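S.K.: Heads up: the sequence shown runs through residues 13 to 290, numbered per my numbering. First, the structure itself, so that you have it in front of you.
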Amino acid sequence: MSPPHETRQTRPQRMINTRMKYICNYQNEIIPPKALQKMRFSKTTLNLESSSSTFSKPLTTKYLTNHPISSPRLAAIQHRNPHFLNLPECNPIPTSHPPPEDLRDCGSCHSIAHVLDEYLHRLPRENFPDPYDTLADHSGWSWVDPRLHHIYPHVTMLVEQDVRDHVPDGCLLRHELGYILRAIQVRLDMGGCLIRGSRSRSDIIVKVLMLSLLPPQHGRILEAHIDGYSCVVVASSRTYSFERNEDAPVELFCRWLAAAPIGVREYEPRPRHVSDEE
Numbered sequence: 013m014s015p016p017h018e019t020r021q022t023r024p025q026r027m028i029n030t031r032m033k034y035i036c037n038y039q040n041e042i043i044p045p046k047a048l049q050k051m052r053f054s055k056t057t058l059n060l061e062s063s064s065s066t067f068s069k070p071l072t073t074k075y076l077t078n079h080p081i082s083s084p085r086l087a088a089i090q091h092r093n094p095h096f097l098n099l100p101e102c103n104p105i106p107t108s109h110p111p112p113e114d115l116r117d118c119g120s121c122h123s124i125a126h127v128l129d130e131y132l133h134r135l136p137r138e139n140f141p142d143p144y145d146t147l148a149d150h151s152g153w154s155w156v157d158p159r160l161h162h163i164y165p166h167v168t169m170l171v172e173q174d175v176r177d178h179v180p181d182g183c184l185l186r187h188e189l190g191y192i193l194r195a196i197q198v199r200l201d202m203g204g205c206l207i208r209g210s211r212s213r214s215d216i217i218v219k220v221l222m223l224s225l226l227p228p229q230h231g232r233i234l235e236a237h238i239d240g241y242s243c244v245v246v247a248s249s250r251t252y253s254f255e256r257n258e259d260a261p262v263e264l265f266c267r268w269l270a271a272a273p274i275g276v277r278e279y280e281p282r283p284r285h286v287s288d289e290e
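See below:
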């Protein structure tokens with residue numbers, strides 16, 4: 013019998029905790045497909061060029077066309093900082109090879125994160141109510157506020173990976189899964205989110221969108237959710253290069269970082285002193 017005021021874990025919570033133990037006990041950073049399957053992770057493909065995914069609707073190219081970057085304000089920013097939005101350039105390295113030691117410092121994952129943040133939060137856009145409004149002002153995102161009374165159906169994170177080996181297609185990183193599982197754990201502890209149109213606690217779901225930056229200067233996007241009580245589904249995009257400014261997919265990644273959640277709705281957090289019904 014559970015002690016008074018102790019919340020009993022739901023089946024999704026127990027499942028996520030078990031997967032976390034698998035990840036913590038796994039010895040290598042790179043996890044191949046067979047090991048993922050054995051640990052009950054389902055690896056699928058995420059196409060970033062698509063108009064939407066299972067749980068995310070990115071900003072469209074039409075939306076960006078209707079709200080172009082304000083040229084005068086961009087020129088003013090570049091006058092003060094000529095290298096605004098510029099990534100450090102490196103000689104492209106085949107993705108099938110690990111980055112040489114001397115290029116790991118040149119290829120900065122942190123610089124990608126900085127440029128994406130500037131693109132979303134500092135670039136004024138046209139045809140918004142305020143001439144200084146940016147994409148971040150109209151993406152629907154806001155800071156977590158403990159005074160709010162709802163749990164929202166999405167978690168988005170940007171993680172810079174410290175991995176020294178080439179990550180083959182189809183593989184995931186131990187730390188990618190660790191951060192995803194931890195985010196799901198936290199949201200489930202808060203009550204989770206319901207699938208839109210459902211009133212059943214068995215339909216609680218958490219969706220995580222991760223931008224994973226890989227050395228020397230690459231990135232991919234993962235979208236993860238729990239499938240019922242037995243499996244964690246992780247959809248992964250292909251790995252993109254940010255080594256050259258002229259073809260770095262900054263706009264594409266920002267469209268997904270500002271994606272709106274679909275198919276789920278906010279959920280009232282459960283009282284901490286009430287046990288869950290399974």
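Cβ coordinates follow ideal geometry from the N, Cα and C atoms, glycine included. Since the model is a prediction, treat every value here as computed from it, not as a measurement.
1) Are the region 121-139 and the region 71-86 touching, with three or more C-beta to C-beta distances below 8 Å?
2) Using the C-alpha atoms, what's the distance from L76 back to P44?
3) List the residues that DSSP assigns as beta-bridge partners of A272.
4) Just reading off the alpha helix (DSSP H) that C243 is part of, what are its end residues?
5) Could you name the residues of the same chain whose beta carbon sits closer than 8 Å to that of V179, not counting the 5 residues immediately before and after it, in chain order?
6) Taking the alpha-carbon of M51 as reference, which of T73, M27, S63 has the nearest alpha-carbon?
7) Would you kindly work out how many angstroms separate the C-alpha atoms of P143 and L48, rounded to a whole number?
8) Output the distance between the C-alpha atoms of C118 and N93, rounded to the nearest integer angstrom.
9) Just how far apart, CA to CA, sit C243 and F96?
10) Return helix, strand or coil for Y252, following the three-state DSSP convention.
11) Nearest to I192 by CA position, among I124, V246, L60, H126, is which residue?
12) Would you report the Cα separation of P24 and Y34, rounded to the nearest angstrom?
13) Would you check if the distance between the CB atom of A195 and the CB atom of V175 is smaller than 9 Å?
14) Decide if P80 is buried, meaning its Cβ has at least 16 other Cβ atoms within 10 Å, or exposed.
15) Measuring CB to CB, does C102 end up less than 9 Å from Q173?
16) For I177, which beta-bridge partners are listed by DSSP?
17) Between which residues of its own chain and M32 is the CB-CB distance below 8 Å, once the five residues before and five after are set aside?
18) Please confirm whether T57 and S248 have their CB atoms less than 9 Å apart.
19) Taking buried to mean at least 16 other C-beta atoms within 10 Å of its own C-beta, is H17 buried or exposed?
20) Would you report the Cα separation of N40 and H187, rounded to the nearest angstrom?
21) Just how far apart, CA to CA, sit C266 and V220?
22) Any idea if T22 is buried or exposed, counting beta-carbon neighbours within 10 angstroms, 16 or more meaning buried?
23) Report yes if the C-beta distance between A125 and A270 is below 9 Å; otherwise report no.
24) Please check the pair L99 and V127, which I expect to be a contact at CB under 8 Å, by giving their CB distance rounded to whole angstroms.
25) Quick one: what does DSSP say T22 is sitting in, helix, strand or coil?
26) Give me the Cα-Cα distance between T72 and G182, rounded to the nearest whole angstrom.
27) Between the alpha carbons of S63 and L264, how many angstroms are there, rounded?
28) Per DSSP, H230 forms a beta bridge with which residues?
M.R.: So, from the data block:
1) Taking one beta carbon from each stretch, the region 121-139 and the region 71-86 have 3 or more pairs nearer than 8 Å; the two touch.
2) For the purposes of this step, residue 44 is taken as the residue at position 32 of the sequence shown. For the purposes of this step, residue 76 is taken as the residue at position 64 of the sequence shown. Rounded to the nearest whole angstrom, the C-alpha separation of P44 and L76 is 37 Å.
3) For this step, residue 272 is matched to residue 260 along the sequence shown. Beta-bridge annotation (DSSP): A272 is paired with K69.
4) As a position in the sequence shown, residue 243 is number 231, starting the count at 1. Counting along the chain, C243 falls outside any alpha helix (DSSP H), though it belongs to the beta strand (DSSP E) covering 243-248.
5) Along the sequence shown, read from residue 1 onward, the residue named residue 179 stands at position 167. I42, L185, L226, T251, listed in sequence order.
6) Walking along the sequence shown from the start, residue 51 turns up at place 39. Among T73, M27, S63, the Cα nearest to that of M51 is on M27.
7) Counted from its first residue, the sequence shown places residue 143 at position 131. Counted from its first residue, the sequence shown places residue 48 at position 36. Straight-line Cα distance between these residues: approximately 48 Å.
8) The residue labelled residue 118 in the question sits at position 106 within the sequence shown. The residue labelled residue 93 in the question sits at position 81 within the sequence shown. Residue placement at C118 is poorly supported in this model, since its pLDDT is 43, which falls under 50; the coordinates are not used for a value here.
9) As a first step, residue 243 is located in the sequence shown; it is residue number 231 there, counting from the start. As a first step, residue 96 is located in the sequence shown; it is residue number 84 there, counting from the start. The straight-line gap from Cα to Cα measures roughly 43 Å.
10) The residue labelled residue 252 in the question sits at position 240 within the sequence shown. DSSP places Y252 within a strand segment (E or B) once states are collapsed to three.
11) Residue mapping note: residue 192 aligns to position 180 of the sequence shown, counting from 1. I192 has its Cα closest to that of V246, out of I124, V246, L60, H126.
12) As a first step, residue 24 must be located in the sequence shown, where it is residue number 12. As a first step, residue 34 must be located in the sequence shown, where it is residue number 22. Computed Cα separation, rounded: 15 Å.
13) Here residue 195 refers to the residue found at position 183 of the sequence shown. Here residue 175 refers to the residue found at position 163 of the sequence shown. One thing to note: A195 has its Cβ no nearer than 9 Å to the Cβ of V175.
14) Against the sequence shown, residue 80 aligns to sequence position 68. That one is exposed.
15) Along the sequence shown, one-based indexing puts residue 102 at 90. Along the sequence shown, one-based indexing puts residue 173 at 161. No, the pair does not count as a contact, with Cβ atoms beyond the cut-off.
16) Residue mapping note: residue 177 aligns to position 165 of the sequence shown, counting from 1. The sequence given here places Asp at residue 177; Ile does not occur at that position. Answer is none; D177 lacks a bridge partner.
17) Looking up residue 32 in the sequence shown gives position 20. For M32, where only same-chain residues beyond five positions count, the Cβ hits under 8 Å are G190, L193, R194, Q197.
18) Start at 1 with the first residue of the sequence shown, and residue 57 comes out as number 45. Start at 1 with the first residue of the sequence shown, and residue 248 comes out as number 236. Cβ distance < 9 Å, so T57 and S248 count as in contact.
19) Here residue 17 corresponds to residue number 5 of the sequence shown, with the count starting at 1. For H17, the pLDDT reaches just 46, beneath the cut-off of 50, and the residue's location in the model is therefore unreliable, although a value from the coordinates is still provided. Classified as exposed, H17 has fewer than 16 neighbouring CB atoms from the shown chains inside 10 Å of its CB.
20) To locate residue 40, count along the sequence shown from 1; it is residue 28. To locate residue 187, count along the sequence shown from 1; it is residue 175. Distance between the alpha carbons of N40 and H187: 10 Å.
21) If you number the sequence shown from 1, residue 266 lands on position 254. If you number the sequence shown from 1, residue 220 lands on position 208. Answer to the nearest angstrom: the Cα atoms are 16 Å apart.
22) As a position in the sequence shown, residue 22 is number 10, starting the count at 1. T22 is buried by the Cβ-count criterion.
23) Reading the sequence shown from its first residue, position 113 is the one you call residue 125. Reading the sequence shown from its first residue, position 258 is the one you call residue 270. A270 sits away from A125, with the two beta carbons spaced by 9 Å or more.
24) For this step, residue 99 is matched to residue 87 along the sequence shown. For this step, residue 127 is matched to residue 115 along the sequence shown. Between L99 and V127 the beta-carbon gap is near 6 Å, inside 8 Å, which marks them as a contact.
25) Taking the sequence shown and counting its residues from 1, one reaches residue 22 at position 10. In the structure shown, T22 sits in coil (DSSP, three-state: anything other than H, G, I, E or B).
26) Reading the sequence shown from its first residue, position 60 is the one you call residue 72. Reading the sequence shown from its first residue, position 170 is the one you call residue 182. Looking at the two C-alpha atoms, the distance is approximately 27 Å.
27) Counting from 1 along the sequence shown, the entry for residue 63 is found at position 51. Counting from 1 along the sequence shown, the entry for residue 264 is found at position 252. For S63 and L264, the distance between alpha carbons rounds to 11 Å.
28) Indexing the sequence shown from 1 puts residue 230 at position 218. Answer is L226, S253, bridged to H230.
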